[in-house]
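In terms of the numbering used here, the sequence shown opens at residue 2 and continues consecutively. We put the beta carbon where it would ideally sit given N, CA and C, even for glycine.
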Amino acid sequence: MLNHVMVGSNDIERAKRFYDAVLGVLGAGEGFRNEASTGHKRVFYRHDGSSFGISEPINGEQATPANGGTIGFKCSSPEQVKEFHDVAVANGGTSIEAPPGLRESSLGPMHLAYVRDPDGNKLCATYRVK
């Protein structure tokens with residue numbers, strides 16, 4: 002359904018360090034730098050047919066997180082959910098909501114962890130119990 006997700010950053014190098022570490026937990030390689038035709042710096046990650054990008058805002062305004070928005074990353078185990086969380090916090094992210102762990106939902110039991118990246122974007126690591 003999705004081709005890619007892009008978030009804005011006010012400090013592209015800080016964001017790259019954060020996402021290199023966090024997305025590395027999921028098996029994504031180091032992000033590659035790119036400069037848009039407008040001169041704005043961007044970083045892209047590709048893994049398992051998905052793309053994730055970080056960009057300086059093209060309109061020249063400050064990057065802001067989406068109010069009510071969450072970007073979910075699929076993990077392969079409950080341990081990977083916890084590692085995603087811990088690596089995020091160790092690299093400038095902020096733990097939010099309940100501690101990482103098992104939660105009941107209308108979709109069935111899931112292991113979840115929520116963090117905010119250094120620019121305030123809300124991220125979720127998730128593993129659906131089979």
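- Using a 10 angstroms sphere on the CB of residue 69, the tally of other CB atoms stays under 16, which defines it as exposed.
- Within the model, the alpha-carbon separation for residue 28 versus residue 48 is close to 7 Å.
- Shortest Cα-Cα distance from residue 57 to any of 89, 92 and 45 involves 45.
- Where residue 86 is concerned, the enclosing alpha helix (DSSP H) starts and stops at 79 to 91.
- In this structure residue 19 is buried. Its beta-carbon is surrounded by 16 or more other beta-carbon atoms within 10 angstroms.
- By the neighbour-count definition (other C-beta atoms within 10 Å, threshold 16), residue 5 is an exposed residue.
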